[in-house]
Each structure stands twice: as C-alpha cells, then as structure tokens.
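Peer 1:
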Amino acid sequence: MQSSLAHRPEHRAANPAIAVEDVSFRYGGELPGRPWTIERVSFEVACGEVLGIVGPNGSGKSSLLKLLAGLLRAGSGRIHLLGQASSDLSPITLARMLAVVLQEQTQVFPFTVAETVLMGRFPHRQAGWWNFGSEADTADDLACAQRAMAETDVLSLADRPVSELSGGELQRVMIARALAQDPAILLLDEPTAFLDINHQLDICSLISRLRGERQLTVVLVSHDLNIASQYCDRVLMLKAGRLSHIGSPAETIKPDVLQAVYECEVVVDAHPQTGKPRVTMPMSPS
Amino acid sequence: MSNGHATPLISATGPTDARGSSGPAAELAWSRSGAILTKRRRHLVLFGLVAASIVVTVLCSSFGAAALSGSDWLTALRELITPEHGDSAGTAGVILFQLRIPRVLMGFLVGGALAAVGVTLQALLRNALADPYVLGVSSGAALGAAIAMLLGIGATSMLLPMLPLWGFAGGLIALALIYRMAQSHGRLPIHSLLLAGVILNAILTAMIMFITSIMDPARSAGLMAWLMGSLTAPGWIGLIGIALYVMAGTMCLLYYAPVLNVLTQGEDTARSLGIDTDRTKKRLYAVTALLTGAVVSVSGMIGFVGMVIPHAVRMAIGSDHRVLMPASALVGGMFLVVSDTIARTAFAPAEIPVGIVTALAGGPFFLYLLLWRKDRMV
Numbered sequence: 211m212q213s214s215l216a217h218r219p220e221h222r223a224a225n226p227a228i229a230v231e232d233v234s235f236r237y238g239g240e241l242p243g244r245p246w247t248i249e250r251v252s253f254e255v256a257c258g259e260v261l262g263i264v265g266p267n268g269s270g271k272s273s274l275l276k277l278l279a280g281l282l283r284a285g286s287g288r289i290h291l292l293g294q295a296s297s298d299l300s301p302i303t304l305a306r307m308l309a310v311v312l313q314e315q316t317q318v319f320p321f322t323v324a325e326t327v328l329m330g331r332f333p334h335r336q337a338g339w340w341n342f343g344s345e346a347d348t349a350d351d352l353a354c355a356q357r358a359m360a361e362t363d364v365l366s367l368a369d370r371p372v373s374e375l376s377g378g379e380l381q382r383v384m385i386a387r388a389l390a391q392d393p394a395i396l397l398l399d400e401p402t403a404f405l406d407i408n409h410q411l412d413i414c415s416l417i418s419r420l421r422g423e424r425q426l427t428v429v430l431v432s433h434d435l436n437i438a439s440q441y442c443d444r445v446l447m448l449k450a451g452r453l454s455h456i457g458s459p460a461e462t463i464k465p466d467v468l469q470a471v472y473e474c475e476v477v478v479d480a481h482p483q484t485g486k487p488r489v490t491m492p493m494s495p496s
Numbered sequence: 002m003s004n005g006h007a008t009p010l011i012s013a014t015g016p017t018d019a020r021g022s023s024g025p026a027a028e029l030a031w032s033r034s035g036a037i038l039t040k041r042r043r044h045l046v047l048f049g050l051v052a053a054s055i056v057v058t059v060l061c062s063s064f065g066a067a068a069l070s071g072s073d074w075l076t077a078l079r080e081l082i083t084p085e086h087g088d089s090a091g092t093a094g095v096i097l098f099q100l101r102i103p104r105v106l107m108g109f110l111v112g113g114a115l116a117a118v119g120v121t122l123q124a125l126l127r128n129a130l131a132d133p134y135v136l137g138v139s140s141g142a143a144l145g146a147a148i149a150m151l152l153g154i155g156a157t158s159m160l161l162p163m164l165p166l167w168g169f170a171g172g173l174i175a176l177a178l179i180y181r182m183a184q185s186h187g188r189l190p191i192h193s194l195l196l197a198g199v200i201l202n203a204i205l206t207a208m209i210m211f212i213t214s215i216m217d218p219a220r221s222a223g224l225m226a227w228l229m230g231s232l233t234a235p236g237w238i239g240l241i242g243i244a245l246y247v248m249a250g251t252m253c254l255l256y257y258a259p260v261l262n263v264l265t266q267g268e269d270t271a272r273s274l275g276i277d278t279d280r281t282k283k284r285l286y287a288v289t290a291l292l293t294g295a296v297v298s299v300s301g302m303i304g305f306v307g308m309v310i311p312h313a314v315r316m317a318i319g320s321d322h323r324v325l326m327p328a329s330a331l332v333g334g335m336f337l338v339v340s341d342t343i344a345r346t347a348f349a350p351a352e353i354p355v356g357i358v359t360a361l362a363g364g365p366f367f368l369y370l371l372l373w374r375k376d377r378m379v
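Chains as they are written, first to last, in the numbering used here: chain A, 211 to 496; chain B, 2 to 379.
(1) Report the neighbours of residue 62 of chain B on chain A: residues whose CB is nearer than 8 Å to its CB, in chain order.
(2) Hey, how far is the Cα of residue 37 of chain B from the Cα of residue 255 of chain A?
(3) What does residue 484 of chain A reach in chain B if we use C-beta pairs closer than 7 Å?
(4) Is the CB-CB distance between residue 333 of chain A and residue 391 of chain A below 8 Å?
(5) Could one say the Cβ of residue 206 of chain B lies closer than 8 Å to chain A's Cβ atoms, at least one of them?
(6) Between B:281, B:215, B:116 and B:201, which lies nearest to residue 151 of chain B when the distance is taken from Cα to Cα?
(7) What residues from the region 268-284 of chain B come within 8 Å of chain A, judged by C-beta to C-beta, listed N to C?
(8) For residue 50 of chain B, does the three-state DSSP call read helix, strand or coil?
(9) Which bits of chain A does residue 198 of chain B rub up against, with CB to CB less than 8 Å?
(10) Go ahead and pull the three-state DSSP assignment for residue 25 of chain B.
(11) How many angstroms separate the CA atom of residue 211 of chain A from the CA atom of residue 373 of chain A?
(12) Exposed or buried, what is residue 267 of chain A when buried is set at 16 or more other beta-carbons lying within 10 Å of its beta-carbon?
(13) Just verifying my parser: in three-state terms, what is the DSSP assignment at residue 327 of chain B?
(14) Beta strand (DSSP E) containing residue 447 of chain A: first to last residue?
(15) So, under 8 Å CB-CB, residue 221 of chain B and residue 213 of chain B are touching, yes? Tell me the CB distance rounded to an integer number of Å.
(16) Give the DSSP bridge partners of residue 281 of chain B, in chain order.
(17) Where does residue 336 of chain B sit, in a helix, a strand or coil, going by DSSP?
(18) Between which residues of its own chain and residue 231 of chain B is the CB-CB distance below 8 Å, once the five residues before and five after are set aside?
(19) Measuring CA to CA, which of B:224, B:290, B:51 and B:295 is closest to residue 174 of chain B?
(20) From this set, A:492, A:253 and A:398, which residue's C-alpha is nearest residue 276 of chain A's C-alpha?
(21) Quick one: which residues of the region 309-321 of chain A get their C-beta closer than 9 Å to a C-beta of chain B? List them in chain order.
(22) In this structure, does DSSP put residue 391 of chain A in helix, strand or coil?
(23) Quick one: what does DSSP say residue 211 of chain B is sitting in, helix, strand or coil?
(24) May I ask which residues mark the beginning and end of the beta strand (DSSP E) holding residue 455 of chain A?
(25) Residue range of the alpha helix (DSSP H) that residue 299 of chain A falls in?
(26) Taking C-alpha atoms, which residue in B:219, B:276, B:250 and B:137 lies nearest to residue 207 of chain B?
(27) Between residue 261 of chain B and residue 312 of chain B, which are expected to be in contact by the criterion C-beta below 8 Å, what is the C-beta distance as a whole number of angstroms?
(28) Quick check on DSSP: helix, strand or coil for residue 369 of chain B?
(29) So residue 325 of chain A contacts chain B; which residues on that side make the cut at Cβ distance below 9 Å?
(30) Less than 8 Å between the beta carbons of residue 53 of chain B and residue 248 of chain B, yes or no?
(31) Look at residue 281 of chain A and residue 269 of chain B and say whether their C-beta atoms are less than 8 Å apart.
(32) For residue 171 of chain B, which residues in the same chain have their Cβ closer than 6 Å to its Cβ, ignoring the five residues on either side in sequence?
(33) Give the interface partners of residue 263 of chain A over in chain B, defined as CB-CB distance under 7 Å, in chain order.
(34) Contact defined as beta carbons within less than 8 Å: I believe residue 476 of chain A pairs with residue 489 of chain A. What is the distance between those atoms, to the nearest angstrom?
(35) Consult DSSP for residue 236 of chain B and reduce its assignment to one of helix, strand or coil.
(36) Taking residue 479 of chain A as the reference, which of A:274, A:455, A:491 and A:355 has the closest Cα?
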C-alpha cells in the first residue's frame with residue numbers, strides 16, 4: 211500500500227523474528243540471593259509464526275513477554291529482534307518494530323476510540339519543538355488508524371469515549387492501537403482474560419486473521435491451554451521460570467507433559483473440528 | 002461526559018483526498034465527525050478562546066471601585082500614545098495602567114499557569130482530581146517562599162524575581178514525595194492521592210504557621226493575606242518577571258502535550274510506544290514545580306483552579322492534550338480574572354482574597370465529582 215505499511219521483507223527472510231539466547235532475569239536487579247524469575251531461557255520465533263506462552267501461575271509468563279517487549283532488561287543473555295540486538299535499539303526504533311498489548315489498561319480519561327488508536331502513531335511522528343506539540347495527525351496516521359480500526363472492527367465506535375466501552379470492545383481498541391503502530395511483531399498478554407466466550411472467539415479469530423493479512427509475528431501469553439492449542443503454531447511451556455517444553459500443540463498439549471508442568475491430572479482429547487488437542491478437567495475424585 | 006463529541010464539525014482536510022492509495026474519502030468519515038480534533042477544529046476552539054480572553058480582560062479592567070466607561074478607556078489610551086500633558090496623567094489612566102491592567106494580567110497568568118499545572122499533574126498521576134493545591138504542591142511552594150521572606154532573600158536580582166525560585170524549591174520537595182508514591186502504585190488511586198494531599202498539606206501548613214508566628218507581627222498580617230490567595234497590582238517589572246517564568250513553563254508543557262496523551266495510557270504502554278518515561282516524568286514534574294512556585298510566590302495559595310478548569314474543558318472539548326492544554330490555560334486565566342473581579346468588587350471598597358472565591362466555586366464542584374461521578378475517578 212505504502213512504504214510505512216510494507217513489512218520489511220529483507221529482514222524477514224534472513225533472521226528469525228525473535229531470537230532469545232540464554233536469557234535470565236530477576237526483579238531487584240543485581241541483588242544476589244533473589245530467585246530467578248526467568249532462568250536461562252532460549253528459543254526462536256520464526257517470522258509470521260504465532261507462539262503461545264503458557265504455564266502455571268507465577269511461572270514468569272508475563273515477565274518473559276515484558277523482556278521481549280523491552281519493558282524489562284535481561285540480567286544476562288541476549289534478545290534479537292529481526293536480527294538486531296534489542297538492547298541496541300532506541301525506544302522509538304523498538305516501538306516501530308514491536309507493539310505490545312498489556313493486561314492493565316484502565317482508561318482514566320474519556321479519550322475517543324479514534325484518539326486512542328491514533329496514539330499508536332506516536333513513534334512514527336516527527337516531534338518538532340517549533341509547533342509546540344500541536345502537530346496534527348498526518349494523512350498517513352489517519353490511514354493507518356483507519357486500517358487498524360477496520361481490522362479490529364471498531365470503526366463504528368470511533369467517536370465513543372474509551373472510558374465507556376465494554377471489556378471486549380476495549381480489548382479490540384487496544385489491539386487496534388498496537389496495529390496502528392504498524393509493527394512486525396505483536397505481543398499480547400492474556401488477550402482473552404475476563405472476556406466471555408463470544409468475545410474470546412472474536413479476539414482469537416482476529417489474531418488468526420491478522421497473521422494472514424499482515425504476516426505478523428505474534429507472541430501471546432495465555433492461561434487458557436485450549437486457546438494456545440487451537441490458535442498457536444507452537445506452544446512454549448514455562449515452569450518456575452525455566453523453559454519446560456516447546457513445540458507444536460500436538461507435541462506439548464499432552465497428558466504427560468501437562469502432568470509434569472502443572473502437576474495435576476487432566477483429560478486431553480481431540481477437538482471435534484480441528485483434531486487439535488483439547489484439555490478438560492477430569493471428574494473430581496470425590 | 003462526552004457531550005463535546007456530539008457536535009460534528011466538517012473540516013476540509015485536503016491530504017486524505019490527495020493520496021491516491023487511500024480508500025474513498027467516505028471511509029475516513031470518522032476523522033471528520035468529531036471522533037478526533039481536526040486541525041481546523043483545534044484552531045477554531047483556540048481562536049475563540051483567545052478572543053474571549055481579550056474581551057474578558059478588557060471588561061474586567063473596567064470594573065472596580067471606580068467603574069470606567071468606554072470614553073475613559075479612550076482618554077487613557079490617547080494619553081498613553083501622546084503624553085503631551087507631561088506627568089499629569091488622568092485618573093483613568095493611572096487606574097488602568099498602574100492598577101487594573103497589571104492586576105488583571107497577573108490574574109490571567111496565575112490562572113492559566115495553575116490550570117496548565119493541573120492538566121499536567123492529572124495526566125502524570127492518571128487521576129482527574131489531581132490539583133497542585135489539593136496535592137500540597139502549593140503548600141510546599143508557599144513554605145519555600147515564606148522561608149525566603151522570613152530570611153529576606155527573595156528580592157529581585159538581575160530583573161528576575163528570586164522568590165519564585167524559592168517557591169520552586171518548596172514545590173519540588175512536595176512533588177518528589179508525590180512522585181515516589183505514584184511510582185510505587187503505577188498510578189495514584191484517588192484515596193491515596195487525597196490522603197497524601199491532606200497529610201502533606203497539614204504538615205506544610207504547620208510549618209508555614211510556625212514561620213508566621215515567629216515573624217514580626219506587622220509583616221505576618223501581609224503574609225496571612227498572601228497565604229489565603231490574593232492578587233495585588235504588581236509593578237510592570239514584577240509582572241514581566243513572572244510572565245517570563247509562566248511563559249517558559251507553559252510553552253514547555255505545550256511541547257509535551259502529545260507525550261502527555263500517551264502517558265495517560267499507563268507507564269508500560271507509554272514505554273512500549275517509545276517514551277523514556279522516567280526522564281520525561283521527572284522533567285514534567287520539575288516544570289510543574291517551577292510554574293507552581295512562580296504563581297504561588299505572587300498570589301499565595303489559590304485553590305481548585307487546577308482541578309475544576311481542566312475538568313470542565315475536558316467535558317467540553319475532549320481529552321486530547323494538544324488542545325486541552327492551551328484551552329485550559331486560557332479558560333483558567335479567564336476564570337481567575339473574573340474571580341478576582343468579584344473579589345475586588347463584591348464588597349467594595351473592601352477586598353476579599355481571591356482564593357476564597359475560587360475555593361467557594363471549586364470546592365463544591367470537587368465534592369460533586371467525588372460523590373456523584375466516582376465511577377470516573379477510581
């Protein structure tokens with residue numbers, strides 16, 4: 211369509227979208243004796259791949275996502291994004307490459323949906339001191355916001371204040387803002403948390419659609435094993451900060467693996483439509 | 002809350018049509034239907050407010066213990082341009098150029114700065130009730146200025162009044178505490194914010210009272226009037242000094258308007274959009290303290306302008322700081338000029354501190370928001 215919407219094919223072919231090499235991290239920085247939140251994790255995500263990160267509560271899923279997003283700094287090890295070391299990238303360059311939708315997204319002020327989506331254009335804007343912060347949204351910004359809102363189906367909400375949206379609507383607006391950033395990599399933290407099944411389905415089919423239309427590389431954190439199984443190419447399982455298993459849903463969503471990671475019995479059968487593994491709780495022994 | 006977005010304003014944005022690759026113009030209808038502030042609408046709002054500010058300034062300069070008519074204005078202006086009468090300027094001229102206009106302009110600067118500070122603090126703390134007065138920043142600045150007055154070190158040197166810098170120092174200390182609290186919470190929830198403000202205000206007020214009580218009684222009366230928030234007619238030199246501080250600070254905040262938009266989305270999201278949040282926030286807090294210090298040093302503690310005005314403006318034109326910031330500054334300036342005119346004239350020839358007028362107008366509004374609109378404030 212136009213240069214800013216093209217997805218830098220020269221980077222895609224040569225390098226994986228994300229390469230994590232032996233990354234460790236703990237809160238509280240260099241203080242010895244603190245437990246590792248993430249310990250010696252290595253993996254790669256290919257361009258256009260959808261990777262799901264799953265694991266028990268407190269296993270470090272969100273921390274790993276924030277490390278990928280550059281919001282946390284790895285204590286040791288390295289993260290490469292499209293072949294470039296993420297610690298060498300300026301915040302603006304990083305923001306043009308990678309967008310993230312986080313869980314905490316309380317909306318305090320009544321910005322409209324369109325205004326919120328246009329904030330995704332911030333890293334692409336050339337701030338000039340001469341216009342004292344009054345620079346207008348360019349035609350490019352509007353076109354990107356338009357596309358993002360159309361993809362997430364929030365165009366009809368454009369003039370609604372975000373503080374009045376429902377959970378499902380707000381989540382789609384947040385994804386639209388991330389898409390307006392025009393990233394090559396999209397990170398999502400629990401994109402379906404607190405949504406009813408209808409809106410969960412909405413978000414999941416949106417993610418599938420996006421990887422088709424934009425060739426986005428997607429990494430999503432989810433506590434829902436079935437979403438990981440159905441919508442991800444590969445699943446990464448964390449246990450106590452360590453990478454326990456990584457592989458296709460068929461390789462990872464198995465009773466013995468789940469038993470090892472979650473330390474409980476589950477029932478795994480095949481999804482009637484896709485044949486992919488499906489996890490259900492067993493009948494309680496009482 | 003969103004009434005402001007209901008009015009569709011048609012703007013003639015050329016660029017979207019000029020780009021061949023974009024979809025039909027109708028597709029971008031949202032960009033013209035009030036979902037965002039178009040450049041045209043932004044200019045319209047600001048132009049209207051500037052015009053209104055001029056009208057308010059002229060009108061309020063005419064009211065007072067002695068009302069001035071249009072012909073008095075003309076005479077005074079003629080004397081100013083052609084001072085053929087030598088030193089014997091007319092009464093109207095003296096009242097206008099040495100009393101009324103400097104005071105009205107001072108009120109405009111103070112009100113504008115307070116509103117701009119309020120907008121900034123609200124975005125930084127992600128709380129629509131933040132206000133320099135409620136948070137204790139004004140008290141901090143007042144303590145700084147009071148100490149300087151006690152020690153006699155607030156005099157003007159090299160054209161630049163030093164008192165604002167002492168206010169700046171005091172305001173910074175108060176803000177540093179608030180910054181610490183906000184950092185540990187990510188955002189400052191309403192209860193923490195109000196509690197922190199109450200306690201900080203109590204401590205700082207006690208210290209100010211201590212200074213007043215050990216001061217020479219003749220000077221402490223003036224200090225008390227100043228503390229309640231009052232405007233006086235400054236000399237032109239003093240006015241220019243304060244104008245320098247206020248202009249520099251407000252320009253800086255205007256420059257950061259798009260960044261403030263993104264900061265309202267939360268610390269981590271702002272960082273993921275390429276903002277160095279630690280550095281930016283520290284800078285903005287410093288500018289906020291400087292502005293508060295400057296206005297408190299000349300007008301004492303005028304409350305609620307920083308909370309009421311941004312709130313009202315946000316209801317009318319939306320949350321985009323690129324227009325919220327300048328519009329709030331202009332409306333805040335007008336609000337304080339009108340409040341001060343009431344303070345000067347309501348009980349003329351007696352004057353009441355303008356802080357009483359703004360507190361009586363703003364306090365109930367604050368309570369209303371707290372009691373009936375708490376769904377928005379959490």
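All C-beta atoms, glycine included, are put in the ideal place defined by N, C-alpha and C.
Peer 2: Reading from the atomic positions:
(1) By Cβ distance, chain A contributes nothing, its closest Cβ being about 28 Å from residue 62 of chain B, past 8 Å.
(2) Going from the Cα of residue 37 of chain B to the Cα of residue 255 of chain A covers about 37 Å.
(3) Neighbours of residue 484 of chain A across chain B, judged by C-beta separation under 7 Å, do not exist; the nearest C-beta is about 33 Å away.
(4) Contact: yes.
(5) With 8 Å as the cut-off, residue 206 of chain B does not count as an interface residue toward chain A.
(6) It is B:215.
(7) Residues passing the 8 Å Cβ filter: 269, 270, 272, 273, 274, 275, 276 and 277.
(8) Reduced to three states, the DSSP call for residue 50 of chain B is helix.
(9) What residue 198 of chain B touches in chain A, judged by beta-carbon distance under 8 Å, is nothing: the nearest beta carbon there is about 18 Å away.
(10) At residue 25 of chain B the pLDDT is 47, less than 50, meaning the model places this residue with poor confidence; the figure from the coordinates comes in the next sentence. Three-state DSSP puts residue 25 of chain B in coil, outside helix and strand.
(11) Any answer about residue 211 of chain A is weak, because its pLDDT of 38 lies below 50 and its placement is not dependable; what the coordinates show is given next. Straight-line Cα distance between these residues: approximately 33 Å.
(12) Only exposed fits residue 267 of chain A, as fewer than 16 other CB atoms lie within 10 angstroms of its CB.
(13) Residue state for residue 327 of chain B is assigned as helix, using DSSP reduced to three classes.
(14) Taken as a continuous stretch (DSSP letters only), the beta strand (DSSP E) holding residue 447 of chain A covers 444-449.
(15) Residue 221 of chain B to residue 213 of chain B, Cβ: 5 Å. Contact.
(16) Under DSSP, no beta-bridge partner is assigned to residue 281 of chain B.
(17) Helix at residue 336 of chain B.
(18) Beyond the five residues adjoining it in sequence on each side, residue 231 of chain B comes within less than 8 Å, by CB distance, of 300, 301, 344, 352, 354, 355 and 356 in the same chain, given in chain order.
(19) It is B:290.
(20) If we check each option's Cα against that of residue 276 of chain A, A:398 comes out closest.
(21) So the list reads 309, 310, 311, 312, 314, 315, 316, 317, 318, 319, 320 and 321, given in the order they occur along the chain.
(22) Residue state, collapsed to three classes: coil.
(23) Shown here, residue 211 of chain B sits in a helix according to DSSP, grouped into three states.
(24) Per DSSP, the unbroken beta strand (DSSP E) holding residue 455 of chain A starts and ends at 452-457.
(25) Residue 299 of chain A -> no alpha helix (DSSP H), and no H or E assigned at all.
(26) Checked all of B:219, B:276, B:250 and B:137; the closest Cα to residue 207 of chain B is B:137.
(27) That pair is no contact at about 16 Å.
(28) Secondary structure at residue 369 of chain B: helix, using DSSP grouped into helix, strand and coil.
(29) Per Cβ cutoff of 9 Å: 36, 37, 38, 262, 319, 320 and 321.
(30) Contact: no.
(31) Annotated as proximal: residue 281 of chain A and residue 269 of chain B, with beta-carbon spacing under 8 Å.
(32) For residue 171 of chain B, where only same-chain residues beyond five positions count, the Cβ hits under 6 Å are 141, 142, 144 and 145.
(33) What residue 263 of chain A touches in chain B, judged by beta-carbon distance under 7 Å, is nothing: the nearest beta carbon there is about 17 Å away.
(34) So it is a contact: roughly 5 Å between Cβ atoms.
(35) Reduced to three states, the DSSP call for residue 236 of chain B is coil.
(36) It is A:491 whose Cα lies nearest to the Cα of residue 479 of chain A.
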